[in-house]
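Peer 1: Each residue of the sequence shown is one higher than the one before, counting from 439 in our numbering. Think of the CB as a built atom: it goes at the ideal place given N, C-alpha and C, for glycine as much as any other residue.
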Amino acid sequence: MDHFEPDPRLVEDSYPVTELPLCQLRLMNDTRFPWLLLIPRRHDVSEVFELDEADQQQLWREAGRLGRAFKTLMEADKLNVASLGNLVPQLHLHLVLRREGDAAWPGPVWGQGEAEHYDLDALAAMRDRVLAMVEGLDLNGTATKAS
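#1: In three-state terms, what does DSSP make of A520?
#2: Can you check whether the CB of I477 is closer than 8 angstroms to the CB of Q495?
#3: Once the 5 residues before and after A541 are set aside, which same chain residues still bring their CB inside 7 angstroms of it?
#4: Using the Cα positions of F487 and E554, report the straight-line distance between them to the nearest angstrom.
#5: Measure the C-alpha to C-alpha separation of P454 and E500 and round it to an integer number of angstroms.
#6: Report the residue from D566, L489 and P472 whose alpha carbon sits nearest the alpha carbon of R537.
#7: For D493, tell me which candidate among L529, E573 and R567 has the shortest Cα-Cα distance.
#8: Identify every residue that forms a DSSP beta bridge with E457.
#9: Expressed to the nearest angstrom, what Euclidean distance is found between the alpha-carbon atoms of V547 and V534?
#10: With 16 as the cutoff for other CB atoms within 10 Å, does V568 come out buried or exposed?
#11: Can you tell me which residues form a DSSP beta bridge with S484?
#12: Going by DSSP, which residues form a beta bridge with R536?
#13: Suppose you measure from the CA of L460 to the CA of G545; what does that come to, to the nearest Å?
#14: In terms of residue numbering, what span does the alpha helix (DSSP H) encompassing S544 cover?
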């Protein structure tokens with residue numbers, strides 16, 4: 439596969455966590471909302487239906503298993519999944535955990551106040567938690583290793 443680069447705007451707003459079978463996993467730089475990004479490592483794709491069928495299935499496998507584990511890990515009330523692409527057309531999925539009473543509840547997180555950035559210690563701790571969570575998942579097969 440050719441070298442893959444996420445859109446610079448995604449890089450500016452997030453931190454890399456790890457590479458999954460299909461996607462680059464990133465952590466959004468906003469402590470108000472536990473928020474992951476999945477960016478399929480495919481060139482010139484802006485819509486899910488532009489992925490081949492196998493990649494579509496893999497994207498939803500990664501999103502579903504990560505979403506379930508992330509919601510449990512962070513004890514969230516709701517997982518919001520979105521693929522907008524109006525400002526950044528490169529295909530990416532947002533996995534945003536919500537809690538009743540959070541900074542934007544019950545509305546969408548977009549356009550709600552200013553991001554509160556992680557300090558280096560908090561970033562390292564959150565990245566480590568997410569990475570440990572990912573290592574307990576089977577993102578290729580049909581069953582999760584840990585819930």
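Peer 2: Walking through what the data contain:
#1: To locate residue 520, count along the sequence shown from 1; it is residue 82. A520: strand per DSSP, three-state reduction.
#2: Here residue 495 refers to the residue found at position 57 when the sequence shown is read from its first residue. Here residue 477 refers to the residue found at position 39 when the sequence shown is read from its first residue. Not closer than 8 angstroms, so no.
#3: One-based indexing of the sequence shown puts residue 541 at position 103. Taken in chain order, the residues that qualify are R470, Q550 and G551.
#4: Start at 1 with the first residue of the sequence shown, and residue 487 comes out as number 49. Start at 1 with the first residue of the sequence shown, and residue 554 comes out as number 116. C-alpha separation (whole angstroms): 34 angstroms.
#5: In the sequence shown, counting from the first residue as 1, residue 454 sits at position 16. In the sequence shown, counting from the first residue as 1, residue 500 sits at position 62. The straight-line gap from Cα to Cα measures roughly 16 angstroms.
#6: One-based indexing of the sequence shown puts residue 537 at position 99. Closest option to R537, Cα to Cα, is P472.
#7: If you number the sequence shown from 1, residue 493 lands on position 55. Nearest of L529, E573 and R567 to D493, Cα basis: L529.
#8: Sequence index remark: in the sequence shown, residue 457 carries index 19 (1-based). Paired residues: Q462.
#9: The residue given as residue 547 occupies position 109 in the sequence shown. The residue given as residue 534 occupies position 96 in the sequence shown. Rounded to whole angstroms, V547 to V534 spans 8 angstroms at the Cα level.
#10: Residue numbering aside, residue 568 sits at position 130 when the sequence shown is read from its first letter. It is buried - the Cβ of V568 has at least 16 other Cβ atoms within 10 Å.
#11: Residue numbering aside, residue 484 sits at position 46 when the sequence shown is read from its first letter. DSSP, once it has assigned bridges, lists no residue as partnering S484.
#12: Looking up residue 536 in the sequence shown gives position 98. DSSP output for R536 lists K516 as bridge partner(s).
#13: Against the sequence shown, residue 460 aligns to sequence position 22. Against the sequence shown, residue 545 aligns to sequence position 107. Whole-angstrom Cα-Cα distance: 30 angstroms.
#14: In the sequence shown, the residue the question calls residue 544 occupies position 106. Note that residue 544 is Pro in the sequence shown, not Ser. Neither: P544 is in no alpha helix (DSSP H) and is coded neither H nor E.
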